[in-house]
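**Student:** Pasting a structure below so you can have a look.
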Amino acid sequence: QELTNKLLPNLDKVEIDNKIAPNDKCIVTKDRPLRVVEYNADRGRWWLEAALGFFKNKDFDVIILNEMDIGMARSDQQHTTRLLATLLGMNYAWGLEFIELTEGNKEDIE
Numbered sequence: 012q013e014l015t016n017k018l019l020p021n022l023d024k025v026e027i028d029n030k031i032a033p034n035d036k037c038i039v040t041k042d043r044p045l046r047v048v049e050y051n052a053d054r055g056r057w058w059l060e061a062a063l064g065f066f067k068n069k070d071f072d073v074i075i076l077n078e079m080d081i082g083m084a085r086s087d088q089q090h091t092t093r094l095l096a097t098l099l100g101m102n103y104a105w106g107l108e109f110i111e112l113t114e115g116n117k118e119d120i121e
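Read in order, the letters of the sequence shown correspond to residues 12 to 121 in this note's numbering.
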């Protein structure tokens, strides 16, 4: 376990940024329930399209994302979760699910 943590320092960490949106943005009452949506970014490829299309001008309190990237060729080496959160004016928590040990397939690199 110790060797794994040294080689993969972010594997057991969650990155949280609660400074993007004001604390009172998400207010839940009996008349206004919590609004949650889930989105699969398809290997990090469609996060920007989601931000500009599906999520923009919607009033979600929580967006559960999977297949977001950080430092992959297919997403221009960007931290896609941080960028999406910033574009939407939302706070975020991001955790590493796995580490891609290759540069990706031909479609990812192009």
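Ideal Cβ positions, reconstructed from N, Cα and C, are used throughout, including at glycine.
How big is the Cα-Cα spacing for residue 56 and residue 44?
**Tutor:** 31 Å
**Student:** In the structure shown, what three-state DSSP assignment does residue 76 receive?
**Tutor:** strand
**Student:** Would DSSP call residue 60 helix, strand or coil?
**Tutor:** helix
**Student:** Ends of the beta strand (DSSP E) at residue 104?
**Tutor:** 103-106
**Student:** Out of 87, 29, 49, 77, which one is the CA nearest neighbour of residue 65?
**Tutor:** 49
**Student:** Between which two residues does the beta strand (DSSP E) harbouring residue 48 extend?
**Tutor:** 47-51
**Student:** If you drop the 5 nearest sequence neighbours on each side, which residues of the same chain put their C-beta closer than 6 Å to that of residue 32?
**Tutor:** 100, 101, 102
**Student:** Since residue 73 and residue 47 should fall inside the 8 Å C-beta cutoff, what is the C-beta to C-beta distance between them, to a whole number of angstroms?
**Tutor:** 4 Å
**Student:** Report yes if the CB atom of residue 52 is closer than 7 Å to the CB atom of residue 98, and no otherwise.
**Tutor:** no
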